[in-house]
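A quick write-up on the structure given underneath.
2 protein chains.
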Amino acid sequence: MPGFRKRFCGLRRHWLELYLLLLIAEKPSYGYELSTKLKDFGIMISGIGQMGNLYRILSQLEAEGFVKTDWDTQESGPARKIYIITDIGLLFLRDAMSSVIEMEKTTEKFVERYEKLNKKD
Amino acid sequence: MPGFRKRFCGLRRHWLELYLLLLIAEKPSYGYELSTKLKDFGIMISGIGQMGNLYRILSQLEAEGFVKTDWDTQESGPARKIYIITDIGLLFLRDAMSSVIEMEKTTEKFVERYEKLNKKD
DNA sequence: GTCATATATATGTATTTTGTATATATTATA
DNA sequence: TATAATATATACAAAATACATATATATGAC
Chain H
1 MPGFRKRFCG LRRHWLELYL LLLIAEKPSY GYELSTKLKD FGIMISGIGQ
51 MGNLYRILSQ LEAEGFVKTD WDTQESGPAR KIYIITDIGL LFLRDAMSSV
101 IEMEKTTEKF VERYEKLNKK D
Chain P
1 MPGFRKRFCG LRRHWLELYL LLLIAEKPSY GYELSTKLKD FGIMISGIGQ
51 MGNLYRILSQ LEAEGFVKTD WDTQESGPAR KIYIITDIGL LFLRDAMSSV
101 IEMEKTTEKF VERYEKLNKK D
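Protein chains in written order, with our numbering: chain H, 1 to 121; chain P, 1 to 121.
Dropping the structure here:
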């Protein structure tokens with residue numbers, strides 16, 4: 001499996017992409033809803049302009065072929081741009097899992113060592 | 001406790017800062033050595049220019065008063081710029097721990113949900 | 001009816017961070 | 001006397017982020 005992109009040491013925007021891809025893989029969804037679903041992970045999209053950045057990331061995921069889109073005009077309210085995962089998107093997500101698991105370990109170690117440091121004092 | 005800076009949703013550079021501060025808090029150290037100690041956390045500083053970026057982050061930590069420095073010319077080889085944690089640095093680190101713990105939970109949830117997703121298929 | 005709010009998507013831009021490249025100097029060892 | 005390992009540092013283009021704003025549809029309060 002090639003590297004797709006030169007990313008993933010791994011962080012921020014790169015994480016957000018993964019969370020979005022996972023949510024979309026679970027069930028097709030749209031920007032506004034995704035921003036609320038991110039709360040499940042403890043990620044808050046609030047603050048000025050945050051939504052704008054989210055939409056931009058979604059657009060780029062589409063441009064890269066990780067998701068495709070479909071307008072939903074059935075529901076009441078403004079039209080929704082529904083994002084649907086692609087095979088490439090699923091592949092990318094699977095490929096990225098090793099980074100996520102590494103991050104998990106890294107973070108655990110960090111907490112452990114910080115606690116050990118404080119015990120000494 | 002105020003926010004120190006407008007960062008920390010939390011990622012990349014911001015993480016690296018914390019790992020560096022923890023390592024320095026454990027024991028004063030210098031750039032080159034820190035780059036090797038980061039491996040304990042699974043973080044590799046290799047590739048072109050990576051060291052340069054590391055030094056830049058260390059300089060900024062110093063500019064912000066989180067660490068202070070001292071040149072070590074005792075050892076053989078090129079002089080070493082020893083970084084020592086400050087009280088503000090320790091405070092910043094403590095303040096940041098909540099973000100780290102959040103990230104830990106977030107990552108755990110991500111792995112769980114990815115595995116659940118794959119069971120369905 | 002119109003005002004505020006929630007829902008929904010999107011673009012512009014200055015600042016910050018990153019990736020990549022490079023410069024420089026000291027010591028050990030082959 | 002090369003070469004590699006040790007050690008720090010700056011320059012710059014590209015990418016990402018924070019912050020600001022524009023636009024439109026529907027619902028509920030008044």
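All residues carry an ideal CB built from backbone N, CA and C; glycine is no exception.
8 Å Cβ cut-off: residues of chain P touching residue i
i, result
"H:A155", "In the structure as shown, chain H begins at 1 and stops at 121. Residue 155 of chain H is therefore absent and cannot be evaluated."
"H:L22", "F110, R113, Y114, L117"
Short Cβ contact (8 Å threshold) for residue i with residue j
i, j, result
"P:L22", "H:R113", "yes"
"P:I84", "P:D70", "yes"
"P:T107", "H:T73", "no"
"H:L54", "H:S35", "yes"
"H:F66", "H:I82", "no"
"H:E104", "P:L117", "no"
"H:L20", "H:L61", "yes"
"P:L38", "P:I48", "no"
Supposed contact pair residue j and residue i - C-beta distance, whole angstroms, cut 8 Å
i, j, result
"H:F110", "P:F41", "7 Å"
"H:D17", "H:I43", "Checking the sequence, you will find Glu at residue 17 of chain H rather than Asp. With 8 Å as the limit, H:E17 and H:I43 do not qualify as a contact, their Cβ atoms being about 12 Å apart."
Proximal residues of chain H, C-beta to C-beta of residue i below 8 Å
i, result
"P:M97", "V111, Y114"
Under 7 Å from the C-beta of residue i: neighbouring residues of chain P
i, result
"H:K105", "G42"
Opposing strand residues paired with residue i [DSSP bridges]
i, result
"H:I82", "H:Y30, H:D70"
Contacts that residue i makes with chain H (C-beta to C-beta distance below 9 Å)
i, result
"P:V100", "T107, F110, V111, Y114"
Partners in chain P for residue i, counting only beta-carbon separations shorter than 9 Å
i, result
"H:Y19", "T106, F110"
Any non-hydrogen atom of the ligand NAD closer than 7 Å to residue i Cβ
i, result
"H:G42", "Only the bare structure without any ligand can be found here, which leaves the ligand NAD out of the picture."
Task: Complete alpha helix (DSSP H) runs within the stretch 40-66 of chain H (minimum length 4 residues, chain order) - done: 50-63
- [ ] Let me know the beta strand (DSSP E) ranges lying completely inside the stretch 84-115 of chain P, each 3 residues or longer, listed in chain order.
- [x] none
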